[in-house]
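Numbering (the working numbering), first residue to last: 1 to 457.
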């Protein structure tokens, strides 16, 4: 099993990795499929199923599919160009991807929200179809957006292709127990083992450059969120709060000694800044998802700005450690809110952040595993119930609390010797089982919880 740090941390666009980035990726893959065919298509159509249908408008899934079919990619997204192209498509009813267009495509008619049962493979399913001049389907592929921007076709999912097909890596741990054993045997940290696994796929220069970019995009997202005011789109009239909190905290500096718990406000503020940017459709990094994108960068920023001795030179080790933990959760449970609720998103992010922070603060491998377990354990059972299907309430604040839990978990683990009762593997399996037992109402469908108990109009 190998999942790259750059698979776990992907530069993309808000508001959702599974509902925005994933469908955009699926559309891009479908265009590649069409380019490889001996025949030409005249038009396109898509249908959205399961959670992609129920919360697709709030998560901008329809918009993402349209832009993906027009040739836009998440990692180099240009908002101004996207707006202009959406307006043109709406007016002219065509998309013009490179090497294929123009193709007939009317978003109003050709993006179909299917509110029936989800497709059998996953809660996030979409079918993309190529049409001939008469409007008949000549080719179609079913895709599943399985969380964190990962996409599999129906055939790939059935074949178990959610794995890496490259050469063996030097430290192929599949469980936390194996990770602990390999670390003890080799005498290497989790970050060191993860780095050597990465180096089996790319050279050191590319790895270091990529890790630097991931943190730069994360940090820039925090800074944008801390300097931007206004109301988030979508109709809930949720006001951005990160800038106001930041202004107040900065004004308090140099005055009377603040209460110790004020540090929680700093942590929440950093995370909220990211998730406000995500909700506004800005550039974020999946960590491991968009809905949970604030936890890891907020924890890093807290460490750099508030912990003596912190240095940006250690951020790569933080990211590598966090990615290793995230990979274990993804392959043994889920990072998808539509599959296992928010425990799989903010819970996973908090476990990743706790492990990363413990690592850069000198924790042993056993303490790092303990930190991840504490953070994940105390998110078990958390539902995904976004009001109006928007990644705003309770998602934005939830990232702040996820960061606070991550820091607390790392601190508790560092106070111990790594010996603890509940193994991380047990917490991961419990999260998976809990997610499977959870009612569909509480798994990113906006059909239960806060989504129905709070007026949203």
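Positions of the beta carbon are idealized from the N, C-alpha and C atoms, including for glycine.
It should be emphasised that the depicted structure is a prediction, and the values quoted were computed from it without experimental measurement.
Through-space distance from residue j to residue i, alpha-carbon basis
i: residue 438; j: residue 341; result: 8 Å
i: residue 417; j: residue 185; result: 18 Å
i: residue 273; j: residue 134; result: 49 Å
i: residue 434; j: residue 97; result: 42 Å
i: residue 220; j: residue 357; result: 20 Å
i: residue 459; j: residue 278; result: The structure shown does not extend to residue 459, since the chain is modelled only from 1 to 457, so the question has no answer here.
i: residue 300; j: residue 258; result: 22 Å
i: residue 196; j: residue 39; result: 44 Å
i: residue 122; j: residue 366; result: 34 Å
i: residue 18; j: residue 51; result: 10 Å
i: residue 264; j: residue 409; result: 14 Å
i: residue 86; j: residue 293; result: 26 Å
i: residue 260; j: residue 415; result: 19 Å
i: residue 343; j: residue 108; result: 34 Å
Three-state class that DSSP yields for residue i in the structure shown
i: residue 334; result: coil
i: residue 171; result: coil
i: residue 290; result: coil
i: residue 205; result: helix
i: residue 59; result: coil
i: residue 411; result: helix
i: residue 316; result: helix
i: residue 311; result: coil
i: residue 81; result: helix
Terminal residues of the alpha helix (DSSP H) in which residue i lies
i: residue 422; result: Here residue 422 belongs to no alpha helix (DSSP H), and DSSP marks it neither H nor E.
i: residue 245; result: 242-252
i: residue 51; result: 51-54
i: residue 140; result: No alpha helix (DSSP H) holds residue 140; the beta strand (DSSP E) holding it covers 137-147.
i: residue 300; result: 295-306
i: residue 259; result: Where residue 259 is concerned, there is no enclosing alpha helix (DSSP H), given that its DSSP letter is neither H nor E.
i: residue 369; result: 365-377
i: residue 23; result: 22-35
i: residue 355; result: 346-360
i: residue 392; result: From DSSP, residue 392 is part of no alpha helix (DSSP H); its letter is neither H nor E.
Residues bridged to residue i (per DSSP)
i: residue 43; result: 104 and 131
i: residue 459; result: Because the chain in this structure spans residues 1 to 457, residue 459 falls outside the shown range and cannot be described.
i: residue 114; result: 49
i: residue 384; result: 443
i: residue 231; result: 239
i: residue 126; result: 48 and 143
i: residue 95; result: 103
Distance CB(residue i)-CB(residue j) smaller than 7 Å
i: residue 46; j: residue 65; result: yes
i: residue 49; j: residue 125; result: yes
i: residue 290; j: residue 284; result: yes
i: residue 242; j: residue 267; result: no
i: residue 333; j: residue 428; result: yes
i: residue 335; j: residue 149; result: no
i: residue 351; j: residue 338; result: no
i: residue 95; j: residue 69; result: yes
Where the beta strand (DSSP E) containing residue i begins and where it ends
i: residue 153; result: 150-153
heavy atom of the ligand FMN below 6 Å from residue i C-beta
i: residue 391; result: The ligand FMN is not part of this structure, which contains no ligands at all.
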